[in-house]
Structure formats: C-alpha cells, structure tokens
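Just below is one structure, and these are the notes that go with it.
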Amino acid sequence: MAKKKNIVFILKSNPFSWKAFEALRQAVGASIEHRITFIFLKDGVYTLTDWKPQLIGIEPIDKSIESLGMMNAEIVAEKEAVRERGILFKDWGVEIHIKDKDEICDLVKDAEVVITW
Amino acid sequence: MAKKKNIVFILKSNPFSWKAFEALRQAVGASIEHRITFIFLKDGVYTLTDWKPQLIGIEPIDKSIESLGMMNAEIVAEKEAVRERGILFKDWGVEIHIKDKDEICDLVKDAEVVITW
Amino acid sequence: MVNTVWIIKRMADFPELELLDEEDLIILVQDAVLRTPSLDNWYACEEDTIARGVKISQDKLVSYTDIIDIIEKANKVVVW
Amino acid sequence: MVNTVWIIKRMADFPELELLDEEDLIILVQDAVLRTPSLDNWYACEEDTIARGVKISQDKLVSYTDIIDIIEKANKVVVW
Amino acid sequence: MKLLIVLASNPYSHDFNTAVKLANAGIERNHTVFLFFMANGVYSLVREEIKNLAKLGAKIYYCAHNANQRKIKPEDWAESSSMYGLSKLMSEADKVIMLD
Amino acid sequence: MKLLIVLASNPYSHDFNTAVKLANAGIERNHTVFLFFMANGVYSLVREEIKNLAKLGAKIYYCAHNANQRKIKPEDWAESSSMYGLSKLMSEADKVIMLD
C-alpha cells in the first residue's frame, strides 16, 4: 500500500517561465495520495499575482491551483517576500496562508519530502 | 562577396556550462571571414583558468581557443574581473590581453556586430 | 539617431552603465521589466510587462513591431 | 545523526540560514563550490570543485559515493 | 535505500551531470535508484549516460505528457509515467532528490 | 533590413518567446528574417511556432552538429548549416540578435 507522506513543495523563483507550471502540476499529481503544502518563497510569490502566462507562451496555472485547493493542499506565501515586493494577489478561489519565515521553517522541518523549484 | 565585419563576442557568465564551449565554437566559425574580438567579462574570466570541463560532462575548449589564436582573433579578459577573483590563467598558447572596462567599452562601441553569451 | 539598442533581459545583469552612450537606447524585455532603471532612455516590451502584471506607464511601453522599428533605425543591437 | 542534508547548487540562492538546524549538513555542488560558506558543517563535491579549478582543503571534499552515504544516513535531503 | 532522482533540467546542464553522477554512485552502493524525467529533463532520454544507467539497473521513468509535448520517443528501457506515477515513487522512495 | 536572430536557448525559455515574437514582428514589417538555431535552440525545430515562421517566409537554419548531438531530425523547411554558415549570415545581416 502506498505510504501517505507529508510533502512540501517550494517555488522560489518567479513564475514567468515553465517552472511554476511544472511544479504545480507535480504537486497536483502528488496531492491525490499525500499531504501537500505548497510554499511560494521569494520571487515565487509573483505566481499568485494576476499575471498572464499565455502572453509569454506558457500554459495557465489556474486549474492546477484550483485542484490543489480541492485536494486540501495548504498554499503558503512568504510574508516577507510579499511585503518587500508590494504585490497583490489575484482571487484564485483558494485560501492562501501568509506565513513568516519562522513558520515556513517549521513546515520544512516537519516535511518528510521537500521538493524545491 | 561576403562582407568582412568587426565582430565582438562577449562571455559574461562562468564557463562551467556549455555556454563557453558554444560561444567559442561560434567565434571560431566567424573568425574565417571576420575580424574577431573575444571578451571574457565578469565570471567569464574563469574560462581562461585551468579548469576541467570533462569532469562535468562538457567538451574541452582548448582547440577552440587555439583556433582563435591562429586566426588572429584578439582575446581579451576584463582587468577588474580578474583582479576581484584573484585568478591565474592557464597557458593557452595564445596571447591574452588584459583590458580595463573603459578599453572594453571602446571595443564594444567600435564593433559592427556584438554577440553576447 | 539611436547608436546602440540594448535589449536587456535581466536588469541585475546590466550594471555596466559605462557601456551606455548618450544616443543609446535600452529596451527591457523578459524579467528585466520587473525593475525599471533610474535612467530616461528606456522602453519596456509591452507584452512582457502585461504578462508579468507589472505597472509601467503607457508611454514607456513598446510593441514588438515598435522594437523592430527601433532596431532598424539603430546602428546595432546588443542583447544583455 | 544528520537531520537534513542541504544540497546547495548556488550559494547566492541560500541566504535562508534560519532554515538550518544544528544537526543539518550542507553539501556544495555545481557552482556553489566557487564560494565556500562561513559555517562549519559543510562539504563540497570533489569533482565539481576540481572541475572548476577551485582550491578547497581536502578534508572538506566528498566524492559522489560519500554524498550518497551521507544522504542514506540523513533524515531527508533538500536541494537548494 | 530507495533513492528517487527527479530531473527537470535539460541534458546540457549542471543538473544533468549531478543527476547522472549521483545515480551511478547510488548503484555503486547497491541502492535502488529511480530516475524520473520531466519537463526539459525528458530530452535526456536520448543520452547514452541514461541508457547506461538503465543497463546498470536504474529504473528510468518519464512524464509521457512532457515527452509528447517535446516529440521525444523514448526507447524500451524507459517507462512511460505521469505526475501520478511520480507521486507513487515518492511514496516508495526513502529519499527524493529534485533537480531543476 | 535583413535581421538575423540566433537562438541558443531551449524552446521552453524566455528567449524562445522573445525570438518568435521578434521574428513575427520583423516579417510583419516586411524585413528579411533569418532564424538560426544552435545548442539547445535546436530543440525548437519541432515547434509549430517555428514551422509557422517558415511558412510566413522566415529562413530557418540550424547547426547540424548540435542537431545530431541532440538526435533531432528537422523537417525540410529548416536548412542544415554550421558555425561557418552562421558566419556567412552575419556578413549578410544588417542586425544580429543573439539570444541564449
């Protein structure tokens, strides 16, 4: 039987390449049997703003974020990164937890598997 | 008839990827009919140190640098970059011109084509 | 008359302001649009700016055909 | 007992020292070997170090099989 | 141990070199090595280094979606999989190394 | 003008998008557009965007060495070339845009 694990995904670069898309797709695939936390760190927080992937030849990420929400994955954005960049989030229809570095640190420490992008 | 041009190549990232290899190959190809200046800027100056591409799965660049020498291409390393990194050059069998930023600036200004890597 | 058009892909990679001539022009593309420079002679690629949800005043935005027109009139183009 | 092995690819990308635990261990690979950290609990991938012509004292260098042994004994591995 | 290495970078990258060397070292130490290729990593499926790893006993998987997208037709020694397949491997593996 | 765009980055990159958009704009303005693919850029030769550019009149070249290395078999609309061929295009072009 498959073992359910506590898996943390971290996206630390901005989403304006295929990385965000692939990382989210990977997290969705893992969310069926694992407990997922997806953390947007540093420039990764841009992922949650209202940007337009199709204008730069990238597939939209809306469905992936929606799926993560449906699978009860926890979506986390780094407080300091959000503040420094003065950005606003788009309404993705899922709850976004703003956490500071200490809290994120604890999430990473508690994880059984950490996938960084 | 092919027009002979004054072409400047600039490598500004370190050579520990395929970039240096491809940039040099490109410069060699262009050296047959053009006047070539190859400038190693910033981390690009590591290219001229005694490093071992084959250990990280990259093809050696010795032949390309030798060819550039034979074709009378001017090989230039940024003075400030060399000093900051405290590096020593390997003997590549070609003359390496150490030039400061102002001199490099003039080379770029005089170029008809500038190829950056 | 534009001397050199500098197509800048990442602003962090372009501190070499001494390379800039008075008649030069900067065009920000890709992630370079995320941080605009403290100079005057620049434009930003409109699509790359909108794609990233960045606010840049309309008179600073250029389309791809604008970029082509600028390149045509310039002496040379350097990507950085 | 090593808690987390951090495989660091670019040192500039790893200022998050608060993520480090006392029992954690850092292994520098790829371009991260170009600048060694001001901590004690690190090793550098020997091949990546020699490939870049960097001088790092021999007791700080580990082979790929060493890295595998370290990973095996650790709780988990995080690439950064 | 069961070691899972996921490669999302193209085969002319630092990550490819790191993935290949770690996989070889894992096999040398008699560990079970799973290699999963996704995104630009699927371009690695035509490289001799990966074929050799398969011969040495590494199990090679790839994301079929990414391979189709890039018009890559892998050989028999590589097994077609998906993000869900990768999730299963994450269950099974003792350690996961993500390279992108 | 004659515009030469050299792409050395893979087709899932910022550079690919920039190359394709600039090439299309160049054609829209009735310029002669040469696209040269080398290094990881040769992976672009299976992309529809490039085939469309060829149909619109862009001339597509690639480094045969890099394509062989990556086991890419380009279609007829792309012309096999070399670093020396690229040098000839640099002679001919009024402007050269290098993307890597």
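Protein chains in written order, with my numbering: chain A, 3 to 119; chain B, 3 to 119; chain C, 14 to 93; chain D, 14 to 93; chain E, -6 to 93; chain F, -6 to 93. Every residue gets a Cβ at the ideal spot worked out from N, C-alpha and C, and that includes glycine. Quantities reported herein were computed from a predicted structural model and do not represent experimental measurements.
Query	Result
DSSP-derived helix/strand/coil call for Tyr77 of chain E	helix
Reduced DSSP secondary structure (H/G/I, E/B, other) of Ala113 of chain B	coil
Beta-carbon contacts of Ala83 of chain B that lie in its chain and below 6 Å, excluding the five residues immediately before and after	Lys44 and Val47
The alpha helix (DSSP H) enclosing His139 of chain F, as first and last residue numbers	The structure shown does not extend to residue 139 of chain F, since chain F spans only -6 to 93, so no value can be given for it.
Sequence-distant residues of its chain with Cβ nearer than 7 Å to Leu49 of chain F (five each side left out)	Ile20
Classification of Glu35 of chain D by the beta-carbon crowding that lies within 10 angstroms, buried from 16 upward	exposed
is_contact[Leu(-4) of chain E, chain A] using C-beta, thresh 8 Å	no
Contact under 8 Å by Cβ, Lys73 of chain C with Val42 of chain C	no
Chain F contact for Ile58 of chain A (CB, 8 Å cutoff)	yes
CA-to-CA distance, Met73 of chain A to Ser112 of chain A, given in whole angstroms	In the sequence on display, residue 112 of chain A carries Asp and not Ser. Looking at the two C-alpha atoms, the distance is approximately 20 Å.
His36 of chain B to Thr17 of chain C span [Cα, whole Å]	20 Å
CB contact check: Ala25 of chain C to chain A, cutoff 8 Å	no
Enclosing beta strand (DSSP E) for Lys(-5) of chain E [first to last residue]	Lys(-5) to Leu0
For Tyr54 of chain E, the nearest candidate out of E:Met(-6), E:Leu0 and E:Lys(-5) (CA to CA)	E:Leu0
Unbroken alpha helix (DSSP H) run spanning Tyr77 of chain C, endpoints	Tyr77 to Lys86
Three or more C-beta pairs below 8 Å linking the stretch 19 to 30 of chain A and the stretch 21 to 38 of chain E	yes
Alpha-carbon to alpha-carbon, Trp20 of chain B and Lys14 of chain F	26 Å
Beta carbon proximity, Trp53 of chain A to chain C, threshold 8 Å	yes
Amino acids of chain C, ordered along the chain, whose beta-carbon sits closer than 7 Å to that of Asn16 of chain A	Asp44
Which of helix, strand or coil DSSP assigns to Ile67 of chain B	helix
Limits of the alpha helix (DSSP H) - the one that Val84 of chain A falls within	Lys81 to Arg87
Buried versus exposed, by CB contacts within 10 Å (16 or more), Leu90 of chain B	exposed
Bounding residues of the alpha helix (DSSP H) (the contiguous stretch that carries Ala32 of chain F)	Element bounds for Ala32 of chain F: n/a, residue is neither H nor E.
Residues that Asp34 of chain C contacts on chain B, provided the C-beta gap is smaller than 8 Å	Lys111
Where Asn8 of chain B sits in the DSSP three-state scheme	strand
Terminal residues of the alpha helix (DSSP H) in which Thr62 of chain C lies	Glu59 to Ala64
Three-way DSSP call (helix, strand, coil) for Thr49 of chain A in this model	helix
Within chain I, partners of Leu79 of chain F - CB distance below 9 Å	Of the chains in the structure shown, none is chain I; the protein chains are A, B, C, D, E and F.
Per-residue contacts from Trp93 of chain C into chain B (C-beta, under 7 Å)	Thr118
Residues of the stretch 57 to 76 of chain E whose Cβ lies closer than 9 Å to any Cβ of chain B, in chain order	none
Contact belief for Tyr77 of chain E with Gly71 of chain A at Cβ below 8 Å, rounded distance in angstroms	No, Tyr77 of chain E and Gly71 of chain A are not in contact; Cβ-Cβ is about 18 Å, not under 8 Å.
Beta-carbon proximity of Phe11 of chain A to Ile117 of chain A, cut-off 8 Å	yes
Enclosing beta strand (DSSP E) for Leu26 of chain A [first to last residue]	Segment Trp20 to Ser33 is the alpha helix (DSSP H) holding Leu26 of chain A; no beta strand (DSSP E) there.
Candidates B:Leu50, B:Lys6 and B:Lys7: closest to Leu13 of chain B by CA position	B:Leu50
Cβ-Cβ distance between Val78 of chain A and Lys101 of chain A below 8 Å	yes
Identity of the residue in E:Asn45, E:Asn61 and E:Leu28 nearest Leu(-3) of chain E by Cα	E:Leu28
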